[in-house]
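A.B. asks: One structure, as structure tokens, below. Some questions next.
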Amino acid sequence: MYISVMGMTSNLKIKESISSLEAAFKSSDNFKVRQRIQSLIFLKQGKFQRQADLAEYLGVDRSSLKRWIRQYKDTGLDGLTTLKSGGNYKGVISEVLHKALAKKMNDSQDPLLGYWHAVSWVKEHFGEDIHYQTLRSYLIRHFKTKKKHPRKSHYKKDEQALEVFKKTP
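Here's what the structure looks like:
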């Protein structure tokens, strides 16, 4: 199989049959894996003369398609369809900071008033510059805070007003 790589031709031999590639495509539920298998199907069928056209059709960058082809040449279909992203990420929140955030989230006297307050609180008390979106995602993931403010519902409630409200007929 010859395909054009920026004006030059490259010899790519796809070992699998079209029917086995289509079966792998149908059995996968991961979008990225399906894209990669679909690129092999189109290359095997010879539907595109240039990689740039195939990449545009698939909605990926040419460099991604080139990387997939190189990965297929080096490791075969199994290597191409094994995604390695996100495996060893440790994160920026230490165990000590996690415990402090958990305590602060449940503090009814001095709670976090919002995600920006959480960012400044972490910087002030731990000296760590954590990006807003990173800390927000962490709080949502670990403490189930999906509102604009992490813990504000119980802040500054007037107990007497609450009792009067409950007694109102």
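According to my numbering, numbering within the sequence shown proceeds without interruption in unit steps and concludes at 196.
By construction, the Cβ of each residue, glycine as well, lies at the ideal position given by its N, Cα and C atoms.
Are any of the Cβ atoms in chain B nearer than 9 Å to that of Ile167?
C.D. replies: Included in the structure is just one protein chain, with no chain B present.
A.B. asks: So, under 8 Å CB-CB, Tyr159 and Trp148 are touching, yes? Tell me the CB distance rounded to an integer number of Å.
C.D. replies: Mapped onto the sequence shown, residue 159 falls at position 132. Mapped onto the sequence shown, residue 148 falls at position 121. Rounded, the Cβ-Cβ distance is 12 Å, inconsistent with contact.
A.B. asks: Would Leu70 pass as a contact of Glu43 if the rule is Cβ separation under 9 Å?
C.D. replies: On the sequence shown, position 43 is the one that residue 70 refers to. On the sequence shown, position 16 is the one that residue 43 refers to. Taking 9 Å as the Cβ cut-off, Leu70 and Glu43 do not qualify as a contacting pair.
A.B. asks: For Arg94, which residues does DSSP report across the bridge?
C.D. replies: Walking along the sequence shown from the start, residue 94 turns up at place 67. The partner list for Arg94 (beta bridge, DSSP) is empty, contrary to what the question assumes.
A.B. asks: Take the Cβ of Ile45 as the centre, count every other Cβ of all protein chains shown within 10 Å, and call the residue buried at 16 or more, exposed below.
C.D. replies: On the sequence shown, residue 45 is found 18 positions in, with the first residue counted as 1. With fewer than 16 other Cβ atoms within 10 Å, it is exposed.
A.B. asks: Which value, in whole angstroms, describes the spacing of the CA atoms of Asp56 and Ile64?
C.D. replies: In the sequence shown, the residue the question calls residue 56 occupies position 29. In the sequence shown, the residue the question calls residue 64 occupies position 37. If you take the alpha carbons of Asp56 and Ile64, they lie about 12 Å apart.
A.B. asks: What alpha helix (DSSP H) runs, 4 residues minimum, are completely inside the region 50-134?
C.D. replies: Qualifying alpha helix (DSSP H) stretches, in chain order: 58-72, 78-85, 89-107 and 122-132.
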